[in-house]
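Numbering (the numbering used here), first residue to last: 147 to 678.
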């Protein structure tokens, strides 16, 4: 009876708490939206990158982000290529009853045509480096030092491609200099970062063909609702070893340059890709694929509303934010992170939708909203999630996994920074993130060591977890602002702005707000656990 009464009181307390949290969140967003509109109205004449809007009358549109501007401007062309590619692929498969090798050739030819449009004569560089990697894999795959060879080769070209800006044909002789006039419309060495990940994936999947997998398939089947239904989920496709005859040159090239995923991913392993050539994905129904398309349309309308009303990115690209109050800097920083999340969601879901239509499932890159992550580990599992899966499989586990987690995060985030670009601000972002990981890892270790039993202990632990979540979200904001907005030189400015008389109340308000946001996330997680 006492237990039942305590449970009832706890339930009533949580319901009342939830009401308070939701009301606070509504007030918070009303204030944020109102101030964001005011900032955009007051400073739009001093901002660059604004263009005449089309969605809302008398509103300019913030297209100051080059990546978003290029993608947005090329949506009609990409949609046309999408349609032609898909139609031809389905017609060829239907008329000629093509299987693995046949579809590999069809997709390879279509993809090479797409790459020729994108990169022109520079396609020679891509094929040359890719062929070199293929030969190294086939020659050294059974050697103990194979991982060193593959990583060295790929990191060498990752760095050289950036240092030499994709190379000039003239360095191979003046007789080839004329090819520099035919470099296409898109810099090949930017897209090649994704090709590097695929080359490493091919190498290690081939290297591991004869070894026993660490993957516990029986345990996975008990937990995975997709596998329980008799289908194979992405993780099973990735972990299941393929026969060596699947690792042919045609299939390899098709995997590297597969048009729907070539420009921006999502990233999928070679095992998963090759498995779906013969048996197209059946885990996501036609209905759900169609719903994904409608969700994407809704998301792009939301993005257009956001960029017409709030000029967050234009503020970030200017020095104007340095003259604003700490409260306004927080609003712009928070807005920039939400803009980045929505931008990448739209880019990645567009290409994933294209791939799904053609029967190849790639992992969802943004499975969770940015505002529903309260720890670093959870955030990185849900931001560019396919890259996270790749890092876990090809870097984290080979380096020792959870046994050496504290050391591994430094290696992994340094690689992630270099993979993105050779910039000090990205290395600063990576190393700041690693520093912020340390207290989280310590807290999680302490939680495992001390299992609380009493209701009072559970309550105290819940409050400490919410405080830890607030600190983590603040650290995430700082790391991402340093990496993508202010740079390493802006760290001192951020500290001086928020650690003086005017900034301290804002910092306190930030932490209180993130504490409340974390509590709301707890309620969301608990509601999901109650679902059947």
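Backbone N, C-alpha and C define an ideal beta-carbon position, used for all residues, glycine too.
{"Item": "By the 10 Å Cβ neighbour count, where 16 or more other Cβ atoms means buried, how is residue 306 classified, buried or exposed?", "Value": "exposed"}
{"Item": "Have a look at residue 454 and residue 481 and give me their C-alpha separation to the nearest angstrom.", "Value": "13 angstroms"}
{"Item": "If you draw a straight line from the C-alpha of residue 147 to the C-alpha of residue 160, how long is it?", "Value": "Interpretation of residue 147 is limited by its pLDDT of 47, a score under 50 that renders its predicted location unreliable; the figure taken from the coordinates is listed afterwards. Between residue 147 and residue 160, the C-alpha separation is close to 20 angstroms."}
{"Item": "Should residue 649 go down as buried or exposed, given a rule of 16 or more other Cβ atoms within 10 Å for buried?", "Value": "buried"}
{"Item": "By DSSP, does residue 258 sit in helix, in strand, or in coil?", "Value": "helix"}
{"Item": "Could you tell me the boundaries of the alpha helix (DSSP H) in which residue 641 lies?", "Value": "637-644"}
{"Item": "At which residues does the alpha helix (DSSP H) containing residue 208 begin and terminate?", "Value": "That residue, residue 208, is in no alpha helix (DSSP H); its beta strand (DSSP E) goes 206-208."}
{"Item": "What does DSSP give as the partner residues of residue 196 in its beta bridges?", "Value": "208"}
{"Item": "How should residue 507 be labelled, buried or exposed, when 16 other C-beta atoms within 10 angstroms of its C-beta is the threshold for buried?", "Value": "buried"}
{"Item": "Between the Cα of residue 204 and those of 187, 290 and 195, spot the shortest distance and give me the residue it belongs to.", "Value": "187"}
{"Item": "Which of the three DSSP states, helix, strand or coil, is assigned to residue 224?", "Value": "helix"}
{"Item": "Who are the near neighbours of residue 341 in its chain, counting only those whose CB is closer than 6 angstroms to its CB and skipping five residues on each side?", "Value": "402"}
{"Item": "By how many angstroms is the C-alpha of residue 377 removed from the C-alpha of residue 664?", "Value": "36 angstroms"}
{"Item": "Taking only runs that begin and end inside the stretch 526-601, name each unbroken alpha helix (DSSP H) of 4 or more residues, in chain order.", "Value": "531-537, 551-566 and 570-595"}
{"Item": "Suppose contacts are defined by Cβ-Cβ distances below 7 angstroms. Is residue 420 in contact with residue 353 by that definition?", "Value": "no"}
{"Item": "Hey, residue 449 and residue 492 are a contact pair by Cβ (cut 8 angstroms); roughly how many whole angstroms apart?", "Value": "6 angstroms"}
{"Item": "Could you tell me the distance, in whole angstroms, from the CA atom of residue 263 to the CA atom of residue 224?", "Value": "12 angstroms"}
{"Item": "Scan the stretch 305-368 and note each continuous alpha helix (DSSP H) run of 4 residues or more that stays entirely inside, going in chain order.", "Value": "334-353"}
{"Item": "Within a Cβ cutoff of 6 angstroms, which residues of the same chain sit near residue 564, ignoring the five residues on either side of it in sequence?", "Value": "none"}
{"Item": "Report, in whole angstroms, the separation of the C-beta atoms of residue 573 and residue 551, which I expect to be a contact under 8 angstroms.", "Value": "Their Cβ separation, rounded to whole angstroms, is 21 angstroms, which puts residue 573 and residue 551 out of contact at 8 angstroms."}
{"Item": "Quick one: what does DSSP say residue 453 is sitting in, helix, strand or coil?", "Value": "helix"}
{"Item": "Is the CB-CB distance between residue 528 and residue 513 below 7 angstroms?", "Value": "yes"}
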